[in-house]
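Undergrad:
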Amino acid sequence: MGTGAIDALRPPIDEPGRPGPALAARSRPLVSLQQGNFMFKIAKPLLLLLLLVLLLACGLAQAQELDARARQQLPQAAEAVGRAIRAHDLVALDKLWSPKLLVNSPDNSVLTRDQVFGAIKAGMLDYEQGTTFELERAEFYGNVAVTMGEDTYTPTFGPEKGKRLHRRATNIWQYSDGAWVLIARQATIYDPAVKHY
């Protein structure tokens with residue numbers, strides 16, 4: 001092979017030791033590192049936004065699914081609480097009431113779950129023929145439900161023993177591990193004949 005053929009194989013040289021523009025153009029990557037970083041900087045937030053939208057959509061679907069289950073299971077949980085109180089079944093109540101349960105009770109004090117257990121043991125939650133609860137409204141907020149309505153009952157203890165009483169009641173439930181647990185309750189005795197507003 002002659003020197004002319006060898007020279008044809010060599011890259012063109014603009015300056016001694018430096019390749020010419022033809023080789024520089026052939027050796028340049030399609031996307032430079034700087035351009036690649038720029039594209040990644042744009043693509044990363046878009047991917048994160050897409051992931052967030054997908055997670056929110058999944059969460060909404062789960063909340064709607066929970067709402068359907070809750071409408072079926074919540075009344076059963078409320079009835080189970082009533083049965084357990086009547087039977088003094090603290091084992092059942094231990095499952096139906098959150099360990100952090102708070103009750104704003106009709107005696108104008110805030111009670112913990114353990115204090116309510118103590119009241120049950122002392123017979124302070126004994127009622128003739130149990131308690132009836134008339135549900136007026138239920139709202140669901142993800143895995144939390146709020147029910148409002150009226151209790152009617154006749155205590156077998158205290159100064160109002162044997163008297164039919166009415167109390168406004170709010171119950172706050174949380175759906176956890178496939179079951180509803182009561183996390184808070186407000187109950188206020190009132191006279192239905194007295195109108196304040």
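In terms of full-length UniProt numbering, the sequence shown opens at residue 1 and continues consecutively.
Glycine included, each C-beta is placed from N, C-alpha and C at the ideal position.
Relative to the alpha-carbon of Asp151, which residue among Trp173, Arg164, Arg113, Ala77 has its alpha-carbon at the smallest distance?
TA: With distances taken between Cα atoms, Asp151 lies closest to Arg164.
Undergrad: Confirm, please, whether the CB-CB distance from Ala193 to Trp173 is below 8 Å.
TA: Not in contact: Trp173 and Ala193 (Cβ atoms no closer than 8 Å).
Undergrad: Tell me whether the beta-carbon of Pro106 lies closer than 8 Å to the beta-carbon of Arg185.
TA: No, these two residues do not count as a Cβ contact at 8 Å.
Undergrad: Among residues of its own chain, excluding the 5 on either side of Gly123, which ones have a beta-carbon nearer than 7 Å to its beta-carbon?
TA: Counting only Cβ-Cβ distances below 7 Å, and skipping sequence neighbours, we find Phe157.
Undergrad: Where does the unbroken beta strand (DSSP E) through Val181 begin, and where does it stop?
TA: It spans 179 to 190 - the beta strand (DSSP E) in which Val181 sits, taken as one unbroken run.
Undergrad: For a test of the three-state rule: what should DSSP assign to Ala145, helix, strand or coil?
TA: Three-state result, Ala145: strand.
Undergrad: Between the alpha carbons of Leu48 and Leu56, how many angstroms are there, rounded?
TA: The alpha-carbon atoms of Leu48 and Leu56 are separated by roughly 12 Å.
Undergrad: What span of residues does the beta strand (DSSP E) with Ala122 cover, start to end?
TA: Ala122 -> no beta strand (DSSP E), and no H or E assigned at all.
Undergrad: Closest by CA to Ile178, which one among Leu102, Ala68, Leu50?
TA: Correcting the residue type first, residue 178 is Gly in the shown sequence and not Ile. Nearest C-alpha to Gly178: Ala68.
Undergrad: Who are the Cβ neighbours of Leu90 in its own chain at under 6 Å, not counting the five residues just before and after it?
TA: So the qualifying residues of the chain are Phe117.
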